[in-house]
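Trainee: Each protein sequence line maps, in turn, to chains A and B. In this note's numbering, each residue carries its 1-based index in the first sequence increased by 282. In this note's numbering, each residue carries its 1-based index in the second sequence increased by 1137. Glycine is no exception: its CB is placed at the ideal position from the N, C-alpha and C atoms. Before I ask anything, here is the structure I am working with.
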Amino acid sequence: MTQEQPRAVPRRWVVAAVGTVALLFVLLVGGWLLGTHVRTTGTNSVAPRYPLPALAPGHRLCVANLDLPKNTNALRLGLAGGPKPVPVELRLVTAGQTRVAHAEAPPGRYDTVFHFARFDHATTGTACLTARATLPSGAGQPLGDGSEGVALYDGKPQGLITVAYLHYPSRNLLSALPAGARHAALFRAGFVGAWTYWLLALAVLGCWIAGIRVMLRSLA
Amino acid sequence: MRRPRAVTVIVLVAFVNCAAWALIVPYFQAPDEPVHVGYAVELAETGHPPRQDRGNPYSSEVGFLTGGLATFRTLQFAPETRPPWNPAAQRNYEAQVAQKHPARKDGGGPTSASVHGPVYYAFPALAYRIFYGASFTSRMLAMRLASALLAALTVAFVYGTVRELAPRVRWAPAAAALLVAFQPVYSFIGGMVNTDVGVNLAAAILTYLMIRALRRGLTVPLAIGIAASFVLGALAKVTMLAYLPVGALALAFMLWRRNWDWRPWAAMAVTGGALIALWGLVVAPAYHHTFLPSPGAGASVAAPLGRGGTLSYIWQIFFPPLPFMHHDFAPGVHPVWDVYIVRAWGGFGWLDVILPHPVFVAIGIAVVLALLSAVRGLWLERAAVRTRIPEILVLLFAAACVIGSTHAAFARANPGAALQEQGRYLFPAITVGAATAITACYGLGRRLAPVAGISMVAVMMGLCGFAQLYVFSTYFT
């Protein structure tokens, strides 16, 4: 806020300051990209917001119209066990194939994971559950206007249960970015493709360089 | 070839950065974007704003995309849910559109956005019309880019204001403008369809014109601009009325500085009066709109508290309640942290993507240090401050009015109610924030000030880049 110009700032101070920030950025963001692991390939779009009724032994809970993304080899359902883990069996039917997986619903956590052979391509399926003991509760949302992910309890609709599609082993975030670019290009303007996001990364980098150059010029 | 002017480069940079947000964030995954898009589409298709006597708030075409995306419910809970992002879903959507040709003109019903005037929406509507023959997904991008253009123009006026304040310090306006261009939430909202973008621009223009008039004297063009930017801003969103007392203070200072030529004052009165009359007598009756758009969400959630209750509420936003005050927030709720740090710096989408906590701790520390340094800067540069007291008071008063009116609009006495104030509601005062940051640089002394300025800009760029990568990875990986 001054009218007077002080002595010129040594250029090496400015370069050192910007260089330090850039180095910190590379280290912190690089560490985050390499140190963060992802295994979700998608979900059935139902947030675990409300408790759902229990599943009793001898009954069946089915979730139809599941959109399984490519490379999915596990499902996580929002089911919790009681005081003890509850063994659960899942039968996943897709295009004439049936895969059976077993898991234990952990006490207190809506986190029951079923592992099965990987799907080489995206497909749709129906998952049906049976439990050997009473499953106290599930997580999801009450029936809404949509029909996807409706849980059928002995054939009767009861709510939307939370389903996550997973891929094991998990990947770090950096290696997940190319798939992210393909996902991001969906439901966009016609010309947008995965390449747009790589170009965008370069454009943002270019903006940083242009901005810093403007600052340096103003200091000259 | 001549080098482009600094402000030109900065505006271009700001536009590209906002455009990056426009391409990163899934459609309709921004605050209230469906209702703002519904308004702009109605304006583009029929030439008039939404009406109370219409049924559907959105056209079938807009509804088709929200349905095709199947993400609207999903992504509001992005940390927990994620669509499969299946190319087959997009093909299915495109096939449905090709087969059913969803209507474009059957929207226009009332929404939370229909209370606003059409001033901002005219810009995305124009972009929509320019690409009228393209797919709706393309027109949607065009509308977002129109917003990005307005957000970039706002940055130009921030540049202008700081240049008026420090005309011989070339790095200061560049740093201030770049700080705004890369403020993560500002640039995020700048790339979305949201009437806040219009108010931010109007407020930045008005601030620039007021400061210029205070520095150089009131002229007829400045007077016309001051009246027009205020009235049009208020007709974009009523939150612009926060600048009414600010304008009054600025005009009082102009009179005090002997701006006594009657012509600018007459021009200001005629411009303001003509725009209000045009709206009230011609535009509003033609489009079934009230004289001034009524407030949005604030009015619907806030029960009248009275002046004392409202002041108590605003106090408790920043400080613990005093013994005689009703406790307006539940224990453990820290509204100043939530609004001024989390939501103003790192809340994206429908506040479903929040940056990691350590980032906010760093931002909180930086903000406090910057404020302290700004106070020191004012003291160290007191000779320059003395010659700019009216300008500085106007800027500080603008920040106080924006902050006060934002919290007053949402004041409520129910400690269990959710905090409604959003960080973006503070952006009409973003010029003040940028000027404060520059003053903070002077807190380190004149020699180090430019180094602090360029360092701040570099950190802001890094923060914005990280935010973009974080949002991208949350939605798509």
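What residues from chain B crowd round A/Thr478, counting only those whose CB sits closer than 7 Å?
Mentor: Near A/Thr478 (Cβ distances below 7 Å), the residues of chain B are Leu1160.
Trainee: Within 10 angstroms of the Cβ of A/Thr380, are there 16 or more other Cβ atoms? Answer buried if so, exposed if not.
Mentor: Per the 10 Å Cβ criterion, exposed.
Trainee: Should B/Met1450 and B/Ala1548 be called a contact, given that it needs their Cβ atoms to be closer than 7 Å?
Mentor: The sequence given here has Tyr at residue 1450 of chain B, not Met. Yes. Within cutoff.
Trainee: Taking C-alpha atoms, which residue in B/Gly1410, B/Leu1600, B/Val1596 lies nearest to A/Val303?
Mentor: Nearest option by C-alpha distance: B/Val1596.
Trainee: Could you give the C-beta distance for B/Pro1261 and B/Ala1283, rounded to a whole number, given that I count them as a contact under 8 Å?
Mentor: Going by Cβ atoms, the distance from B/Pro1261 to B/Ala1283 rounds to 5 Å, so yes, they are a contact pair.
Trainee: Closer than 8 Å is the cut-off here; do at least three beta carbon pairs connect the stretch 1602 to 1610 of chain B with the stretch 1533 to 1540 of chain B?
Mentor: No, the stretch 1602 to 1610 of chain B does not touch the stretch 1533 to 1540 of chain B.
Trainee: With distances taken Cα to Cα, identify the nearest neighbour of B/Leu1287 among B/Pro1310, B/Pro1321, B/Asn1331.
Mentor: Answer by Cα proximity: B/Asn1331.
Trainee: If you run the structure through DSSP and keep just helix, strand and coil, what is A/Gly407?
Mentor: The answer is strand: DSSP assigns A/Gly407 an E or B state.
Trainee: Please decide whether A/Leu449 counts as near chain B, where near means a Cβ-Cβ distance under 7 Å.
Mentor: Note on residue identity: the sequence assigns His, not Leu, to residue 449 of chain A. Not closer than 7 Å to any Cβ of chain B, the Cβ of A/His449 fails to qualify, so no.
Trainee: Would you mind telling me which residues of chain B sit closer than 9 Å to A/Val375, beta carbon to beta carbon, in chain order?
Mentor: What A/Val375 touches in chain B: nothing, since even the nearest Cβ is about 18 Å away.
Trainee: Can you check which of these residues, B/Arg1583, B/Val1569, B/Asp1475, is closest to B/Glu1518 by C-alpha distance?
Mentor: Ranking B/Arg1583, B/Val1569, B/Asp1475 by Cα distance to B/Glu1518 puts B/Arg1583 first.
Trainee: From the beta carbon of B/Met1598, is the nearest beta carbon of chain A less than 7 Å away?
Mentor: So yes, B/Met1598 belongs to the interface.
Trainee: What residues are listed by DSSP as bridge partners for B/Tyr1230?
Mentor: None; B/Tyr1230 has no bridge partner.
Trainee: State yes or no: is the beta carbon of B/Pro1220 nearer than 7 Å to at least one beta carbon in chain A?
Mentor: Yes - at least one Cβ of chain A is within 7 Å of the one on B/Pro1220.
Trainee: Name the chain A residues whose beta carbon is nearer than 9 Å to that of B/Ile1147?
Mentor: Ordered by position in chain A, the residues that pass the 9 Å Cβ test against B/Ile1147 are Ala492, Gly493, Val496.
Trainee: Between the alpha carbons of A/Asn454 and B/Pro1495, how many angstroms are there, rounded?
Mentor: Going from the Cα of A/Asn454 to the Cα of B/Pro1495 covers about 20 Å.
Trainee: Using a Cβ-Cβ cutoff of less than 8 Å, which residues in the same chain neighbour A/Tyr450 once the five nearest sequence positions on both sides are dropped?
Mentor: Arg321, Asn355, Ala356, His397, listed in sequence order.
Trainee: Which residues, in chain order, does the stretch 313 to 325 of chain A contribute to contact with chain B at a C-beta distance below 9 Å?
Mentor: Of all residues in the stretch 313 to 325 of chain A, Trp314, Leu315, Thr318, Val320, Thr322, Thr323, Gly324, Thr325 have a Cβ within less than 9 Å of some Cβ in chain B.
Trainee: Can you give me the Cβ contacts of A/Ser429 inside the same chain, cut-off strictly under 6 Å, excluding the 5 residues immediately before and after it?
Mentor: Confidence at A/Ser429 is low in this model, with a pLDDT of 47, below 50, so its placement is unreliable and no value can be given for it.
Trainee: Any chance the CB of A/Asn347 is under 6 Å from a heavy atom of the ligand ZN?
Mentor: Among the components of this structure there are no ligands whatsoever, and the ligand ZN is therefore not found.
Trainee: According to DSSP, is B/His1253 part of a helix, a strand, or is it coil?
Mentor: Note: B/His1253 maps to coil in three-state DSSP.
Trainee: Taking 7 Å as the CB-CB cut-off, is A/Phe398 touching chain B?
Mentor: No, because no Cβ of chain B sits closer than 7 Å to the Cβ of A/Phe398.
Trainee: When you compare only the Cα positions, how much space is there between B/Leu1149 and B/Ala1143?
Mentor: Cα-Cα distance, rounded: 10 Å.
Trainee: Can you list the residues of chain A that B/Trp1308 reaches, using a CB-CB cut of under 7 Å?
Mentor: Correct list: Met497, Ser500, Leu501.
Trainee: I'd like to know if the stretch 1241 to 1255 of chain B and the stretch 1318 to 1327 of chain B are in contact, where contact means that at least 3 CB-CB pairs between them fall below 8 Å.
Mentor: No, the stretch 1241 to 1255 of chain B does not touch the stretch 1318 to 1327 of chain B.
Trainee: From B/Arg1395 to B/Tyr1195, what does the alpha carbon distance come to, in whole angstroms?
Mentor: Looking at the two C-alpha atoms, the distance is approximately 53 Å.
Trainee: Is the Cβ of B/Leu1530 closer than 7 Å to any Cβ of chain A?
Mentor: B/Leu1530 does not count as touching chain A.
Trainee: What residues from chain B crowd round A/Pro333, counting only those whose CB sits closer than 8 Å?
Mentor: Result: empty, since nearest Cβ-Cβ is about 15 Å, beyond 8 Å.
Trainee: The beta strand (DSSP E) spanning B/Phe1547 covers which residue range?
Mentor: Element bounds for B/Phe1547: not the beta strand (DSSP E) but the alpha helix (DSSP H), 1526 to 1547.
Trainee: Tell me whether A/Ala413 sits in a helix, a strand or coil according to DSSP, three-state version.
Mentor: Strand at A/Ala413.
Trainee: I want to see whether chain C comes within less than 7 Å of B/Ala1507, judged by CB atoms only; does it?
Mentor: Judged by its chain identifiers, the structure shown contains no chain C, and its protein chains are A and B.
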